[in-house]
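Protein sequences, first through last, are from chains H and D.
For the first sequence, the working numbering gives the first residue as 123, with consecutive numbering after it.
For the second sequence, the working numbering gives the first residue as 123, with consecutive numbering after it.
Backbone N, C-alpha and C define an ideal beta-carbon position, used for all residues, glycine too.
Number of protein chains: 2
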Amino acid sequence: MPAEEFRRYGHELIDWIANYFEHIEDLPVLAQMEPGDLKAQLPSSPPEQGESMQAILADIDRLIVPALTHWSHPSFFAYFATSTSAPGIFGELLSAAFDVKSMLWRTSPASTELEEVALDWLRQMMGLDAGMSGFIYDTASVSSMHAIAAAREGVELRIREEGMSGRKDLPLLRVYASEQAHSSIDKGIITLGLGQRSLRKIPSDKEFRMDAKALAAAIDEDKRNGILPFCVVATVGTTSTSSIDPVPAVADVCARERLWMHVDAAYGGVAAMLPSHAHVLAGADRADSIVVNPHKWLFTPFDLSAFYCRRMAVVRAAFSLTPEYLRTPEAADVKNLMDTGVQLGRRFRSLKLWMILRSFGARALRARLAEHIRLAQELASWIDAHPDFERLAPVPFSVVCFRWKPAGMSWSDAEVDAANERLLDLVNASGDIFLSHTRLRGRLAIRVAIGHLRTTDEHVRRAWDLLLSSRELISTP
Amino acid sequence: MPAEEFRRYGHELIDWIANYFEHIEDLPVLAQMEPGDLKAQLPSSPPEQGESMQAILADIDRLIVPALTHWSHPSFFAYFATSTSAPGIFGELLSAAFDVKSMLWRTSPASTELEEVALDWLRQMMGLDAGMSGFIYDTASVSSMHAIAAAREGVELRIREEGMSGRKDLPLLRVYASEQAHSSIDKGIITLGLGQRSLRKIPSDKEFRMDAKALAAAIDEDKRNGILPFCVVATVGTTSTSSIDPVPAVADVCARERLWMHVDAAYGGVAAMLPSHAHVLAGADRADSIVVNPHKWLFTPFDLSAFYCRRMAVVRAAFSLTPEYLRTPEAADVKNLMDTGVQLGRRFRSLKLWMILRSFGARALRARLAEHIRLAQELASWIDAHPDFERLAPVPFSVVCFRWKPAGMSWSDAEVDAANERLLDLVNASGDIFLSHTRLRGRLAIRVAIGHLRTTDEHVRRAWDLLLSSRELISTP
Numbered sequence: 123m124p125a126e127e128f129r130r131y132g133h134e135l136i137d138w139i140a141n142y143f144e145h146i147e148d149l150p151v152l153a154q155m156e157p158g159d160l161k162a163q164l165p166s167s168p169p170e171q172g173e174s175m176q177a178i179l180a181d182i183d184r185l186i187v188p189a190l191t192h193w194s195h196p197s198f199f200a201y202f203a204t205s206t207s208a209p210g211i212f213g214e215l216l217s218a219a220f221d222v223k224s225m226l227w228r229t230s231p232a233s234t235e236l237e238e239v240a241l242d243w244l245r246q247m248m249g250l251d252a253g254m255s256g257f258i259y260d261t262a263s264v265s266s267m268h269a270i271a272a273a274r275e276g277v278e279l280r281i282r283e284e285g286m287s288g289r290k291d292l293p294l295l296r297v298y299a300s301e302q303a304h305s306s307i308d309k310g311i312i313t314l315g316l317g318q319r320s321l322r323k324i325p326s327d328k329e330f331r332m333d334a335k336a337l338a339a340a341i342d343e344d345k346r347n348g349i350l351p352f353c354v355v356a357t358v359g360t361t362s363t364s365s366i367d368p369v370p371a372v373a374d375v376c377a378r379e380r381l382w383m384h385v386d387a388a389y390g391g392v393a394a395m396l397p398s399h400a401h402v403l404a405g406a407d408r409a410d411s412i413v414v415n416p417h418k419w420l421f422t423p424f425d426l427s428a429f430y431c432r433r434m435a436v437v438r439a440a441f442s443l444t445p446e447y448l449r450t451p452e453a454a455d456v457k458n459l460m461d462t463g464v465q466l467g468r469r470f471r472s473l474k475l476w477m478i479l480r481s482f483g484a485r486a487l488r489a490r491l492a493e494h495i496r497l498a499q500e501l502a503s504w505i506d507a508h509p510d511f512e513r514l515a516p517v518p519f520s521v522v523c524f525r526w527k528p529a530g531m532s533w534s535d536a537e538v539d540a541a542n543e544r545l546l547d548l549v550n551a552s553g554d555i556f557l558s559h560t561r562l563r564g565r566l567a568i569r570v571a572i573g574h575l576r577t578t579d580e581h582v583r584r585a586w587d588l589l590l591s592s593r594e595l596i597s598t599p
Numbered sequence: 123m124p125a126e127e128f129r130r131y132g133h134e135l136i137d138w139i140a141n142y143f144e145h146i147e148d149l150p151v152l153a154q155m156e157p158g159d160l161k162a163q164l165p166s167s168p169p170e171q172g173e174s175m176q177a178i179l180a181d182i183d184r185l186i187v188p189a190l191t192h193w194s195h196p197s198f199f200a201y202f203a204t205s206t207s208a209p210g211i212f213g214e215l216l217s218a219a220f221d222v223k224s225m226l227w228r229t230s231p232a233s234t235e236l237e238e239v240a241l242d243w244l245r246q247m248m249g250l251d252a253g254m255s256g257f258i259y260d261t262a263s264v265s266s267m268h269a270i271a272a273a274r275e276g277v278e279l280r281i282r283e284e285g286m287s288g289r290k291d292l293p294l295l296r297v298y299a300s301e302q303a304h305s306s307i308d309k310g311i312i313t314l315g316l317g318q319r320s321l322r323k324i325p326s327d328k329e330f331r332m333d334a335k336a337l338a339a340a341i342d343e344d345k346r347n348g349i350l351p352f353c354v355v356a357t358v359g360t361t362s363t364s365s366i367d368p369v370p371a372v373a374d375v376c377a378r379e380r381l382w383m384h385v386d387a388a389y390g391g392v393a394a395m396l397p398s399h400a401h402v403l404a405g406a407d408r409a410d411s412i413v414v415n416p417h418k419w420l421f422t423p424f425d426l427s428a429f430y431c432r433r434m435a436v437v438r439a440a441f442s443l444t445p446e447y448l449r450t451p452e453a454a455d456v457k458n459l460m461d462t463g464v465q466l467g468r469r470f471r472s473l474k475l476w477m478i479l480r481s482f483g484a485r486a487l488r489a490r491l492a493e494h495i496r497l498a499q500e501l502a503s504w505i506d507a508h509p510d511f512e513r514l515a516p517v518p519f520s521v522v523c524f525r526w527k528p529a530g531m532s533w534s535d536a537e538v539d540a541a542n543e544r545l546l547d548l549v550n551a552s553g554d555i556f557l558s559h560t561r562l563r564g565r566l567a568i569r570v571a572i573g574h575l576r577t578t579d580e581h582v583r584r585a586w587d588l589l590l591s592s593r594e595l596i597s598t599p
């Protein structure tokens, strides 16, 4: 594309995006379409002749936007509400132009060194100790998989060399996590060939936190049965309720048993930047590894998962492998990022993180997180004060779990669940807000997660009002 | 950031990028810096107060650009030369604004359906049959790991449920690949807990193609020894020489032995779009899975790896797992992309691919690929015609492997290797071009890979002239 054309359409796109953000609240948060609607409107074969950028951009408006669920909408409260940001978008734009593959230092010195610096900044902001060095993966799923793989390497049973099949000498290896841990832990363990049997789920207490005594008992029992415990995953900010496992107590168990402790703080870790929430990473100074996702609650466009590890040499022992065509003269003096993971090529992700940390500054980032937590507390207080609603979990961060349970109605538990499901479908179908759910102790819980840069009191208030008015439309469970 | 400011800096960045591409040839391809130079110039702590975008962009010029190896430089001939493109950059820009996580259909209908359509277009362009359905992973490393994981699931030994540790009933499982296969196959197998012992490397013939007879013999031998063969990886475009394994013969073996056949066509697969090169995917109609990377040789900014599979249900059986908080009412009627891999969240990558396919059109894409192949043939002909140079491998695509071997000099093999290493260092240090190397049958080979949109006859000619003139500076090996 000629430079003049690139400038023209580039400016047009920037204006389009500015306009998109200015008018996003006119759009339904959750796509209002049926499965297959978009596909049906697209040609079944590629064009033989190139098309004008004008035609393509027109189709973005006509076809793509109506098929989007708008994660950038301030009333997106589902799953974990995330948020892109201007400096993050600019970082991605530059990164797409540089198109660097951060595999070897020489293919990407800027990416290699900026990754180290930006992750160290983030480490300091969260109050993690300097013994933790950082690495960027795409997602927390992949970060946690690498943590467990490193732990597996740490057992020194030659699994990298000899694998686990066809061996009579290997005991059953076991990882422990709370029953509230994220499904990525299960998936990581399946991928690593350990199988679901290798993951023992530890019960949680009434506030959905791992029971450290049950953990210790499970490990004891397993050892008596000839099973080899090697890793524990503690979660700071579980997906259902954002509960916080008792990391210091888990760390005691791990220290005693010499197990790799991985902390999944993908969502909650950043809150440790706030003096009021520094405690959420208490005990993490004893973790072997920890994952924190700037793409969740630090205004970083997806994807960027920050992995910190005290034993990065073990991760590299598990994954490094240099074929001849990737040897470089400077290998002994540099960090080659390809050595730390299953992926060889890696995007220049640190650029956006560096631009975000600089553009916002630490103070403004803390202020945003504090504001989201305040909004969640506010919503929790309305729920607590309302006779027809019941909160189902504490609110340590910015996620609120609750259900509608009309006072004076003698609905069964199943009926209450069904009514909440209908309420959820009703508010989501409005297009005004998007909420998701979970199930807690068997009960259906509506989840409101607050995390978008542009979410204000007014958006939270409107979500609450919509819940209140929508329930009026449901007379029977 | 206020909309006006976003527009102002956005326009500035677009102009900056246009300018970067216009003047990129004034910059050294390979970063001219020492390890640590960038890090030393960066503050060791994050700013407390936000900084202006003006200051950040000034640092991009002052600090980042000099620390970049410019993959977007038309004289980047190392590894596989790749290329970003204007529609690809625009796609990434939009994707960063939408910030969609393509995990569930409802969180990303546009991404889910566009992925299916764009990959089907690409499938048609390469002449793959309609039995192959597509999925986008980040990298070929991850695509191939999923292929092998699916093959592992296909043996029906309950590895997902029971894992491989602590079992006396599991035979040694084995995967086969050419000794020329990419290191990602080794890494995938290590990650999956199969271990290096589970990968048997099959010798290649004098043109670096897997020896299908040796493959059949290895499988026979393994079976006699109680080993369970389950997967073969054939490569179309190996990393060292771009050689093409005899896929039809490998397919015969896989059919006879009922093994999963995965084809790693990460680099070479797109060439099948050309009538002259349709044969490179011969036999792929019998593959279980195949990976092709648009981010390698289809002008797509990194990352986007296209995985095609005839047995996607097996991939899903290996990886799907739906916790309560990810259940949706429409689950039975839609494709939820999270079911097909270890990663839960996924970027909206299909957008850039769709924009690239439309903006170029199939004809122009074919023309670019044909031109790169023509340039490589041209270079090969100069090498063949020169008494002091020796070509070390055939050139089926756009990678040329050769070495300098001065006629009339009685240098030992080790001396020739050393001289080529010095030649390589010399031309790379010039900043004018960037080449990489490999080792073929023990000999050091210089590799020239051609794949950038803006690479012309003149760039290839200049690279050749630089090799010729630089060798004059080396009088002793």
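Going by beta carbons, F199 of chain H and I555 of chain H fall inside the 8 Å limit.
In terms of Cβ geometry, L314 of chain H and I270 of chain H form a close pair [threshold 8 Å]. For the pair P196 of chain D and V522 of chain D, the Cα-to-Cα distance works out to about 16 Å. Counting only the Cα atoms, R563 of chain H lies some 44 Å from A140 of chain H. Here Q176 of chain D is exposed: its Cβ has fewer than 16 other Cβ atoms, across all protein chains shown, within 10 Å. Between the beta-carbon of W533 of chain D and that of L545 of chain D there is about 13 Å, and that puts the pair past the 8 Å contact cut. For M395 of chain H, there is no enclosing alpha helix (DSSP H), as DSSP marks it with neither H nor E. Taking the beta carbon of W193 of chain H as reference, the chain D residues within 8 Å of it are F220, D221, V222, K223, T229, listed in sequence order. Within chain D, K290 have C-beta atoms less than 8 Å from the C-beta of K290 of chain H, given in sequence order. One alpha carbon belongs to E379 of chain D, the other to E235 of chain H, and they sit about 48 Å apart. Nearest neighbour of V239 of chain D by Cα position, chosen from H:P165, H:R228, H:E134, H:L403, turns out to be H:P165.
Identification of chain H residues near V239 of chain D by a Cβ-Cβ cut-off of 9 Å yields L160, K161, L164, P165, S166, ordered along the chain. Contact annotation: E500 of chain H and V582 of chain H have beta-carbon atoms nearer than 8 Å.
By the 16-neighbour rule on beta-carbons within 10 angstroms, E237 of chain H is buried. A residue is called buried once 16 or more other Cβ atoms fall within 10 Å of its Cβ, and T462 of chain H is buried on that count. By the neighbour-count criterion, in which 16 or more other beta carbons inside 10 Å mark a residue as buried, S427 of chain H falls on the buried side.
By the criterion of at least three beta-carbon pairs nearer than 8 Å, the region 269-288 of chain H is in contact with the region 304-320 of chain H. Of the residues D:A529, D:H508, D:A502, D:A507, the one whose Cα lies closest to the Cα of P516 of chain D is D:A502.
For F128 of chain H, no beta strand (DSSP E) run applies; the uninterrupted alpha helix (DSSP H) run containing it begins and ends at 125-145, by DSSP. Of all residues in the region 483-496 of chain D, only G483, A484, R485, A486 place a beta-carbon less than 8 Å from a beta-carbon of chain H.
In terms of beta-carbon proximity, Q176 of chain H stays away from the interface with chain D, with every pair separated by 8 Å or more. Around the CB of L595 of chain D, fewer than 16 other CB atoms lie within 10 Å, so the residue is classed as exposed.
Interface residue (Cβ-Cβ distance to chain H less than 8 Å): L548 of chain D is not classified as such.
Residue-level contact check: D367 of chain H does not touch chain D, since none of the beta carbons of chain D fall below 8 Å from its beta carbon. In the DSSP assignment, S411 of chain H falls within the beta strand (DSSP E) that extends over 411-414. As for any alpha helix (DSSP H) of minimum length 4 sitting wholly inside the region 225-256 of chain H, the runs are 231-248, ordered along the chain. For S300 of chain D, the enclosing beta strand (DSSP E) stretches over residues 295-300. Contact holds between the region 430-440 of chain D and the region 240-254 of chain D, because three or more Cβ pairs, one in each stretch, are under 8 Å apart. For P150 of chain H, same chain residues with a beta-carbon under 6 Å away, outside a window of 5 residues either side, are G553 in chain order.
In the three-state reduction of the DSSP assignment, H559 of chain H falls in the strand class, which pools E and B. Contact residues of the region 197-213 of chain D toward chain H are A200, Y201, T204, S205, T206, S207, A208, P209, G210, I211, F212, G213 (C-beta to C-beta distance below 9 Å). Membership of F220 of chain D in any beta strand (DSSP E) is not indicated; the residue belongs instead to the alpha helix (DSSP H) covering 208-220.
When rounded, the separation of the alpha-carbon atoms in V277 of chain H and V436 of chain H is 10 Å. DSSP places W526 of chain H within a strand segment (E or B) once states are collapsed to three. The closest CA to that of S592 of chain D, considering only D:E543, D:T560, D:A571, is found on D:E543.
If you draw a straight line from the Cα of S266 of chain H to the Cα of C353 of chain H, it is about 11 Å long.
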